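Residue numbers (our numbering): -18 to 564.
Here is the structure:
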C-alpha cells in the first residue's frame, strides 16, 4: 500500500510539472494551452520531469542526497529548465553545501532571468553569506517581476536595516506599504526606522496613523511608548504600555517596560505588581526576581526580599549580585553572621568585589573584630578605594589594637583626603594626647571644633584635657559648658565640668556636678568615683572619700593611683593625700 502511495505521489508531481511546463510554453506563445501538453511529451522531457518529481518527493522524505541525484538527472534530460536548478540549489543549501547551492542558483538566474524563485533563492543565499549588495539586487529583480512581492520587499528593507542604512530602509518600507497598506507590521517597521533616525515626530505620526486604522495593534502602542520613554515623557509612555496590557494582559514586554517606568516614577507598589505578574508567568526569569527583591528591600519588606533572593540563588548559586543583596538583607535584619557569610561568599567568587570588602570592614567593625576589619579594608584600598570613611574605619581598628602609629597614619590619610573631616581631626587629637604629643593634640582638637563648633565630644575632650593638666581652666569650663548645652544629661561631660571646678578649687560646685554625673551614666564609672572621692577629701569628708575610692577600685582593680590614695588615707594625713590638692 505504501509503495502505491509513493507511485501515486510521483504521478501527481509529474502532472503538476507537466502543467507548469505547458503553461510556460503557452506563455511563450509557441502553442495554445490546448496543444501545450502534447508538446511536452518527448521522452527526454518526460524523463526530466519524472526525475524532478522524484527529487521533490525525496526532499519531502528528507533524503537530500537522493534528491540531489534526482535533480541532477532531471537537469541532464532538460538542461534549460531553470526550475530544476532552483530545486537542486535548494537541496544543496539544506545539506549545507552553500557554494554548490550558490552556483546552481546563479545558473538558474542566467537560464531564466524572469524566474522570481531563482532570484529569491539566490538573494537569500547572498544574504546568508553577508553579500548584502548582491542580495539586494536579486530581491529587486523579484520586485521588478512583481512590485507587490512582500517577501522581496521585506528582504530589501531588512538588508538596509542590517547595514544601518535607515534612509533606504525607510524607502523600502514605504514601497512595501504602498503595495500592501494592510500590513500593520510594515507600518511599525517604518516607525522604527524613523526612531533609528531620531525623527520622533514622524515616527509618532506614523504610529498614530497606524492606530487609527488598527486600534488594537499592541506593537504600535509599544513602539509609541518606547518613543515617549526616549523623549523622557514617562507619563505618556506608561499610558501606552498600560493600553497594551488592556489588549493583551499577558504581554511580558509591556510589563517589563512598566516595571522600569513605575520604578523611575517612584511608583514602587505598581512596579512590584508588574514584576510579580512577570514572575507568575515566567518564574524562571531570575533577573526580574532580583529586581522584585530589590523593590521589596527598598520598601523594607525584608522577608519578601530575602525570599526572592534565596529563590534566585537556588537557581544560580554563584550569582555574585544575589549573594551581595542577601548580605544586605541580613545586615538590615541585624543578622550579622549571615550577612558576613554572604559578603565573604562574594569575595570568594570575585576577589575584586570592592563593595563586598567595604561591607566586610563595616560588619567586622560592628562585631568588634579589628583584625578582620584591617584585613578587609587593606584589600579594599588595594582595589582602589581611597576615601575618607575607609581610612576612618581603618584608623579606628588600629586604635582598638592599640597600634597608635598605624592609627595616626590612617586618620592623617583621611584628613588629607578631606581636610574638613571633623572626625579625622578629632580622632587625631585623641591619639596625639594618648601619645603625650599635647601640642599636636590641641591643634587637631581645635581644628575639629572650628569645623563643627557644636562637636560636643571634641569640646569636652579638649576641655577635660586642659582640666587634667590644670591649664586654661576658664577656657576649659567654657568648652565643657558648651558641650553640656548640646547634651545636658551626658554624665561624662558633667564629670569633666566637675573636674574643672575641682581644679579651680570650687569643691562645692564640683561635688554638685560629679554627683549629677554618677546619676547620668548608664554604667558605673571608675574615674567619676575617683573624682568624687577626691572632692569629698577636699571637703573634709575622708570617710566618704574612702568609700568612693573603694568603689572606684572595685570597678578598676588595676588603678594604682586609687590604691595609693586609700593607703595614704589609712596611714594618716601626713602620708601624701595632700598630693591631690590643686596647685
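By construction, the Cβ of each residue, glycine as well, lies at the ideal position given by its N, Cα and C atoms. Values in this document were obtained by computation on a predicted structure and should not be read as measured data.
- In the DSSP assignment, residue 383 falls outside any alpha helix (DSSP H) and carries neither an H nor an E.
- About 5 angstroms separates the beta carbon of residue 225 from that of residue 202, a gap short enough to meet the 8 angstroms contact definition.
- Only buried fits residue 294, as 16 or more other CB atoms lie within 10 angstroms of its CB.
- According to the DSSP assignment, residue 402 belongs to no alpha helix (DSSP H), since it is labelled neither H nor E.
- Residues 286 and 306 of the same chain have their beta carbon placed closer than 8 angstroms to that of residue 275, with the five preceding and five following residues left out of the count.
- Sequence-distant Cβ neighbours of residue 369 in its own chain, meaning closer than 6 angstroms and more than five residues away, are 395, 398, 399 and 402.
- For residue 222, the enclosing alpha helix (DSSP H) covers residues 215 to 228.
- Pairing residue 180 with residue 173, the inter-Cα distance amounts to about 10 angstroms.
- Considering only 281, 86 and 110, the residue with the shortest C-alpha distance to residue 99 is 86.
- Taking a cut-off of 8 angstroms for Cβ pairs, the segment 478 to 486 and the segment 504 to 524 touch, as three or more such pairs fall below it.
- In the DSSP assignment, residue 348 falls outside any alpha helix (DSSP H), carrying neither H nor E.
- Distance between residue 114 and residue 102, taken at the CA atoms: about 15 angstroms.
- Note on geometry: alpha-carbon atoms of residue 56 and residue 142 lie some 38 angstroms from one another.
- In this model, residue 168 and residue 191 are separated by some 7 angstroms (Cα to Cα).
- In the DSSP assignment, residue 88 falls within the alpha helix (DSSP H) that extends over 79 to 92.
- Residue 469 sits in coil when the DSSP states are folded into three classes, being neither helix nor strand.
- Going by beta carbons, residue 438 and residue 392 fall outside the 8 angstroms limit.
- Counting only residues of its own chain and dropping the five nearest sequence neighbours on each side, residue 366 has a CB closer than 7 angstroms to the CB of 335 and 339.
- In this structure, 330 is the residue among 315, 330 and 345 with its C-alpha nearest to the C-alpha of residue 300.
- Short of 8 angstroms from the beta carbon of residue 211, and not among the five residues preceding or following it, lie these beta carbons of its own chain, in chain order: 176 and 181.
- Looking at the backbone, the Cα of residue 75 and that of residue 63 are separated by about 19 angstroms.
- Going by beta carbons, residue 361 and residue 344 fall outside the 8 angstroms limit.
- The Cβ-Cβ distance between residue 137 and residue 153 falls below 8 angstroms.
- Scanning the segment 98 to 174 for uninterrupted alpha helix (DSSP H) segments of 4 residues or longer gives 113 to 126, 131 to 143 and 147 to 160, listed from N- to C-terminal end.
- Boundaries of the alpha helix (DSSP H) harbouring residue 319: 317 to 330, taken from the DSSP string.
- Across the set 318, 421, 94 and 117, the C-alpha of 117 shows the shortest separation from the C-alpha of residue 146.
- In the DSSP assignment, residue 231 falls outside any alpha helix (DSSP H) and carries neither an H nor an E.
- When secondary structure is reduced to three states using DSSP, residue 496 falls in the helix class.
- Spanning the alpha carbons of residue 322 and residue 350 requires a straight line of approximately 15 angstroms.
- Straight-line spacing of the CA atoms in residue 288 and residue 260 works out to 13 angstroms.
- Under the 10 Å beta carbon count, residue 484 is surrounded by 16 or more other beta carbons and is classified as buried.
- In the three-state reduction of the DSSP assignment, residue 352 falls in the helix class.
- Taking 8 angstroms as the cut-off, the Cβ atoms of residue 474 and residue 465 count as close.
- Residue 410 and residue 426 have their C-alpha atoms some 5 angstroms from each other.
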